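Throughout the sequence shown, residue numbering follows the numbering used here, covering 1 to 92 in sequence. Backbone N, C-alpha and C fix where the C-beta goes; we use that ideal spot for every residue, glycine too. Treat the numbers as computed from the prediction; the structure is a model and nothing was measured. Heads up, the thing below is written out as structure tokens.
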Amino acid sequence: MAVPKEWIEQVRDYENSGLLQVAWCRARGIPIGTFQYRLQRVRTTQVTEKFLELKPKTTGIRLKWGKVVLELEPHFDPVTLRGLFQALSSCS
């Protein structure tokens with residue numbers, strides 16, 4: 001769940017201030033418990049959002065037929081493959 005932009009801005013302001021949480025909150029009239037909750041939510045959300053979806057790498061296929069070795073790339077043309085098999089079967 002996304003956090004309000006205002007919370008993110010508050011956390012950045014706090015981190016750049018160099019103040020202790022208590023002093024920063026007192027200066028802005030924000031209850032310390034409220035700020036600590038927001039801080040935790042912002043940090044948790046930022047860690048979660050940094051994960052990158054990795055898609056599995058599609059690999060080819062290697063076929064052995066007698067002495068013939070056929071290596072196919074991931075996006076080979078099945079019509080061409082069928083024609084190749086027909087040609088090879090007529091040779092044997």
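Go to Leu63, then tell me how far its beta strand (DSSP E) extends in each direction, as first and last residue. 61 to 65
Would you mind sorting Ser25 into buried or exposed? The rule is 16 or more other CB atoms within 10 Å of its CB. Note on residue identity: the sequence assigns Cys, not Ser, to residue 25. With 16 or more Cβ atoms within 10 Å of its Cβ, Cys25 is classed as buried.
What's the gap between the Cα of Trp7 and the Cα of Thr58? 41 Å
Same chain, Cβ closer than 8 Å to Gly60, neighbours up to 5 away in sequence not counted: Glu71, Leu72, Glu73, Pro74, Phe76
Residues sharing a beta bridge with Leu72, DSSP: Ile61
Is it buried or exposed for Arg43, if we count other Cβ within 10 angstroms and need 16 for buried? exposed
For the candidate residues Leu54, Gln10, Lys67, whose alpha-carbon lies nearest to that of Gly29? Gln10
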